[in-house]
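Working notes, beginning with the structure itself.
Numbering (full-length UniProt numbering), first residue to last: 1 to 735.
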């Protein structure tokens with residue numbers, strides 16, 4: 001066993017000690033301050049391998065008082081400082097202590113003073129006048145005593161940090177409790193609750209409060225942050241967020257908090273009712289934060305039991321706050337009473353204000369609100385026979401009207417008469433869904449669903465009125481199943497991009513190819529784009545799919561460049577893609593990411609895209625053209641209301657729709673195709689004919705002066721590998 005003499009650390013000796021490297025991972029940060037490098041080495045070696053409360057030690061080093069201050073400024077996590085008294089001056093260490101406490105305001109770091117000059121500073125006076133943990137002679141400190149002093153200092157540091165954390169937590173709870181006081185409506189109260197609870201949990205405020213009313217099991221949205229505020233008063237099941245619905249439902253069903261990696265849902269129980277708060281988490285909360293949460297929730301429960309708030313809540317549950325009409329919850333309850341299997345005297349009519357969000361965004365929410373009131377007033381005045389009128393969505397009204405009072409054209413005309421809203425005269429378009437009483441079912445929500453099926457049918461077919469029939473539900477189920485499969489196949493990368501070559505009519509050289517989306521059905525066949533593309537647009541998938549197609553086109557273009565083929569790849573763009581904010585910048589970022597020359601990517605936009613919002617489209621196309629991307633007008637001739645728009649559109653190519661080519665030369669002389677070719681020539685733009693399948697069509701189009709051609713006669717759409725093989729083996733044969 002080593003002698004006590006061997007245990008002294010700071011006696012003179014000749015043995016050279018190597019400095020031990022430490023890893024700063026889950027460790028206590030220790031600062032050694034001494035002007036003698038050997039002291040650093042010996043201290044590091046003596047404390048190597050030591051752990052306190054499961055954490056090792058990581059050492060920082062300073063060789064003067066000034067350097068020690070800099071280390072503390074840049075490393076506020078340092079827990080203990082081993083500080084030499086005499087360095088550049090006789091009292092350098094004591095000066096450091098004063099600066100740490102007085103200037104840096106660092107009252108957490110624990111300080112062990114060490115000196116090699118006994119009697120230089122009186123120990124009792126130093127302990128009394130300075131906030132330090134210990135003051136030792138270097139020759140006093142054996143390894144065991146050094147470890148003991150260090151353990152005492154680390155324990156003290158940990159306790160100070162815990163007290164500070166508790167103090168901050170208490171302060172946070174007090175601020176949060178103050179923040180939820182004084183609210184006299186349930187919506188602002190809920191917003192305050194979510195905001196302060198998220199702050200306590202260390203996350204951004206993004207969440208919702210739901211309440212369970214009465215003895216039923218229906219959950220109502222009381223309020224929340226961001227887009228959740230728009231659902232105020234709606235049923236939980238109406239949220240467009242399956243995860244929130246599931247977590248809140250689980251919270252109520254299990255009667256306990258729910259916590260996952262991404263969110264936390266907490267249950268509140270009042271005297272007569274219960275509520276749940278859902279919060280998205282940026283990071284996992286600590287035990288201390290969860291304890292603070294429970295204290296705060298006790299105060300929230302008191303607020304929820306406030307009789308004034310829940311008197312208002314009873315109104316909110318069944319009444320639209322803007323129009324004072326029955327809301328969706330009230331309507332679905334009342335419509336149940338009209339389920340009479342042997343009666344067919346009434347119609348359930350849903351009225352959807354088309355592009356209502358554009359009015360809100362363009363003219364302001366106040367104008368939007370006034371328009372809703374004007375529509376309500378119009379319905380009350382024009383249809384006094386209405387048995388039930390309600391506002392069941394942001395821009396959807398429902399009414400129960402006797403069949404004898406409904407004449408379709410008169411009904412539409414009465415709705416379309418312009419509305420005077422403040423200083424604005426607004427011409428509004430509507431979509432209407434109609435369901436007859438003999439189709440009603442015993443559940444009000446299911447009856448409303450049937451009317452929504454009719455309404456959606458009107459939207460999809462671009463008609464004003466859609467009527468429910470039994471086969472519509474089957475079609476809707478089929479479409480929903482197809483959408484689910486499309487979403488799943490897209491996520492699993494089962495979609496494909498094929499390419500159809502485009503040729504110069506004069507030389508028959510391949511000058512480009514069009515990227516065409518393909519969806520394998522799994523049985524060796526492919527589902528038609530005419531079926532799944534509109535579904536993708538309606539389901540909100542087309543933006544992500546469109547971006548993926550653009551990326552695939554960029555990959556293909558790089559492959560073409562690698563084999564020396566300087567041809568462009570054309571990509572179709574849909575209306576929803578153009579409506580995405582900063583779409584042009586997104587395209588530019590993609591091309592830069594894939595390092596593709598913009599002149600080899602062409603965007604094909606249909607006339608429906610151009611006509612959607614002409615001003616915004618022109619600006620976007622001009623930005624892309626300036627970047628070097630070429631633009632083609634696809635399906636030309638099928639949608640323009642005025643050819644004058646061609647004067648302002650920045651495009652390089654007109655694509656003649658196959659509808660004007662397929663019957664040439666038998667039942668179609670090609671007059672429209674020739675007109676488009678002539679128009680393109682006068683505008684200084686190239687024309688390309690798609691869908692060319694016969695030599696007669698080809699000869700006539702070539703004679704008309706068409707510049708480029710695409711069709712089965714020359715090449716069918718093919719996968720990427722087949723395209724590369726086609727291009728390697730292709731040799732133009734000009735007549």
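Ideal placement from N, C-alpha and C gives every residue a C-beta, glycine not left out.
- Closest option to residue 598, judged by alpha-carbon separation, among 376, 298 and 568: 568.
- The beta carbons of residue 541 and residue 578 sit about 16 Å from each other, so the pair does not count as a contact at 8 Å.
- Taking the CA atoms as reference points, residue 41 sits about 40 Å from residue 289.
- Under the three-state reduction of DSSP, residue 615 is assigned to helix.
- Rounded to the nearest whole angstrom, the CA to CA distance from residue 431 to residue 472 is 17 Å.
- Per the Cβ contact rule, the segment 367-387 is in contact with the segment 415-424 (3 or more Cβ pairs under 8 Å).
- Per DSSP, reduced to three states, the secondary structure at residue 250 is helical.
- One Cα belongs to residue 268, the other to residue 650, and the distance between them is close to 59 Å.
- In this structure the segment 350-366 lies against the segment 450-468, because at least three pairs of beta carbons, one per stretch, are closer than 8 Å.
- From the listed residues 200, 722 and 274, the smallest Cα separation to residue 291 is found for 200.
- In the structure shown, residue 424 falls within a strand segment according to DSSP collapsed to helix, strand and coil.
- A buried status is given to residue 285, since no fewer than 16 other beta-carbon atoms sit within 10 Å of its beta-carbon.
- Out of 593, 617 and 594, the CA that lies nearest to the CA of residue 604 is found in 617.
- In the three-state reduction of the DSSP assignment, residue 652 falls in the coil class.
- Listed as beta-bridge partners of residue 265 by DSSP are 258 and 278.
- Contact between the segment 458-465 and the segment 677-691 is absent: fewer than 3 CB-CB pairs across the two stretches fall below 8 Å.
- Scanning the UniProt domain "Response regulatory" (29-153) from its first residue to its last, the whole beta strand (DSSP E) runs of 3-plus residues come out as 55-62, 80-84, 110-115 and 134-137.
- Sequence-distant partners of residue 161 (beyond 5 residues in either direction) whose C-beta falls short of 7 Å from its own C-beta, in its chain, are 108.
- For residue 263, same chain residues with a beta-carbon under 7 Å away, outside a window of 5 residues either side, are 247, 278, 279, 280 and 281 in chain order.
- Rounded to the nearest whole angstrom, the CA to CA distance from residue 96 to residue 31 is 13 Å.
- Restricting attention to 406, 370 and 396, the CA atom closest to the CA of residue 387 is found in 406.
- A direct Cα-to-Cα measurement between residue 188 and residue 480 gives close to 37 Å.
- CA-to-CA, the gap between residue 547 and residue 496 works out to about 13 Å.
- With the rule of 3 Cβ pairs closer than 8 Å, the segment 501-512 counts as touching the segment 561-575.
- When secondary structure is reduced to three states using DSSP, residue 417 falls in the coil class, being assigned neither helix nor strand.
- When rounded, the separation of the alpha-carbon atoms in residue 219 and residue 301 is 17 Å.
- Contact annotation: residue 696 and residue 665 have beta-carbon atoms nearer than 8 Å.
- Residue 519 is bridged by DSSP to 527.
- The beta carbon of residue 105 lies closer than 7 Å to none in the same chain, with the five residues before and after it left out.
- For the pair residue 587 and residue 629, the CB atoms are nearer than the 8 Å cut-off.
- Just measuring C-alpha positions, the residue of 195, 709, 47 and 231 sitting nearest residue 146 is 47.
- Annotation: the segment 654-700 contains the following complete segments of the beta strand (DSSP E) (minimum length 3 residues), in chain order: 686-690.
- Of the candidates 518, 535 and 534, 518 places its Cα closest to the Cα of residue 527.
- The UniProt domain "GGDEF" (344-475) contains, as complete alpha helix (DSSP H) runs of 4+ residues, the segments 356-363, 365-382, 408-416 and 444-460 (chain order).
- Here the alpha carbons of residue 485 and residue 492 stand approximately 10 Å from one another.
- With fewer than 16 other beta carbons inside 10 angstroms of its own, residue 227 counts as exposed.
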